[in-house]
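In what follows, a single structure is set out as structure tokens and then discussed.
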Amino acid sequence: MDFPSAPLPTSGLSHAEVLERLAQLKVDDKQWEEGKVFGLVYDAGKAHHELLRDAMALFEAENGLNVLAFPSIGQMSDDLVRITATLLGADDPRSGGEVAGFLTSGGTESLLQASVVARDHARARGIDRPTIVCATSAHAAFTKAAGLFDIEVIRVPVGEDYRVDLAAMEAAIDERTAMLVASAVSYPQGVIDDVTAIAALAESKGLLCHVDGCMGGYFLPFLTELGHCQVPFDFTVSGVTSMSADLHKYGYASKGASVVLYRTPALARHQVFMTEDWLGGFYASTTMAGTKPAGPIAAAWASVMHLGHDGLLKLTSDTYAAARKIINAVVAHPKLQLRGEPAMSVFAFGAEDEAELDIFAVSEVLSRSGWHVDRQRHPDSLHLTVHAGSVKATDAFLDDLHAAIEEVGTRRTEDRSTTYATGD
Ligand SMILES: *Cc1c(COP(=O)(O)O)cnc(C)c1O
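Counting along the sequence shown from 1, when you hit position 384 you're at 522 in my numbering, and nothing is skipped either side.
This is the structure:
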């Protein structure tokens, strides 16, 4: 439905009218509660959302810009950073025992900040216009960072397994290189790069190494505990200098919470902005924002405190089982091909033979029955983020997927668009 744009009312709407209008505005939004939206929303159940809403409401007006005025926000942020650091190996002696970090508003901000830190770390060594070397599979946010911060991002190819091509990465390193990037897991195909090798390469050249755990940071540690992940990806790996992990993905927090961590406080300090060079007095901040919403911080704190270790382990276990069920069905289907070997619950698949099946035509049929799956190119693929809310819909999805493939046959669609993020 298209609404006329709403002008500022001369006399304001009542509380009830506002809520009514907001409810109307939502009519075309995806109905994620049924588990049909693979991505964008991470759903640990109705009661969990009620807790998040209550926590957000308690901190609706507070401002995270000043934790002297609101020490609660500083405390919650510290707790979340500590909890995340512990999950990612900070208490292991191999980490060096000094991991420090910050709460940010999301994965993108965590990566932007890690990129700025890499730039300033390089500048301190006299490198004028530093480069970050990452694979084509690394998140788009690194390219965003390049545009914003006068950094050059060099993208190297992935191998057939969609993991960083190490030889290409090594060849891209030169005297301007500040940082190498590994993903655990990558967003597009959900694979874990060879973190040990990339970090060792960085270390041997005196470079920083960021592991993007935005997706995997709150999943892989539990998967490891469950025995389904055997590769190291965190601060226990020598040469890893920073990591990011999104609370608002598999931490089942409300939107607006992620953590960025550094192996040492000296590195972390590059992220702190301070100035007195204006008329407003001493001003310091640790992230992009000035005024900072406290609601998402409280909701993230509520989420991990309520779920606890056992809750997160259970959600990981259930989600992984559901994801494997879909992955196994994809592998078993003669017309489908899994892209790479996904390590957790995020993966992509497409046609085994693109002349025989147009996977985008399949996605059109699926979206008519209310499913939301992302589309990717190179090669044409559908992308699924399976989360706890998807578990109940897994069988129905597989039925509809099989039926859609039948229905499509060899028909192709004109629409080749891909839509992970749309702008507005
Ligand atoms: C989601 C994601 C990001 C970006 O996080 P946002 O919270 O969307 O800003 C970065 N890296 C990876 C691997 C991701 O999955």
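Virtual Cβ for every residue (Gly too), placed ideally from N, Cα, C.
| field | Coarse secondary structure for Ser275, derived from DSSP in three states | value | coil
| message | Using CA atoms only, rank isn't needed, just tell me which of Ala338, Phe287, Glu502 is closest to Met426. | response | Phe287
| said: Tell me whether Tyr180, by its Cβ, gets closer than 8 angstroms to a heavy atom of ligand 1. | reply: no
| query | Can you tell me the Cα-Cα spacing of Ala199 and Thr548, whole angstroms? | reply | 55 angstroms
| When you compare each of Val302, Ile265, Ile270 to Ala252 by their alpha carbons, which one comes out closest? | Ile270
| Is it the case that the CB of Leu249 approaches a heavy atom of ligand 1 more closely than 8 angstroms? | yes
| request: Label Gln409 either buried or exposed according to how many other C-beta atoms from any shown protein chain fall within 10 Å of its C-beta, with 16 as the threshold for buried. | output: buried
| said: Considering only heavy atoms of ligand 1, does any lie closer than 8 angstroms to the CB of Tyr356? | reply: no
| message | Using only the alpha-carbon positions, how far apart do Asn280 and Thr374 sit? | response | Reading off the sequence, residue 280 comes out as Phe, not Asn. Rounded to the nearest angstrom, the two C-alpha atoms are 24 angstroms apart.
| request: Return yes when the Cβ of Lys387 is within less than 9 angstroms of the Cβ of Cys352, no when it is not. | output: yes
| message | At the level of alpha carbons, what is the spacing between Pro145 and Asp518? | response | 41 angstroms
| Within 8 angstroms: the Cβ of Ala422 and any heavy atom of ligand 1? | no
| task | Look up Met412 in the DSSP assignment and say whether it is helix, strand or coil. | result | strand
| Span of the beta strand (DSSP E) around Met317 | 315-321
| message | Please confirm whether Asp331 has its beta-carbon closer than 9 angstroms to some beta-carbon of chain D. | response | Given the protein chain composition of this structure (a single chain), no chain D is represented.
| Taking 8 angstroms as the cut-off, does the CB of Ala279 come closer than this to any heavy atom belonging to ligand 1? | yes
| task | Out of His525, Gly377, Ala207, state which residue places its alpha-carbon closest to the alpha-carbon of Phe357. | result | His525
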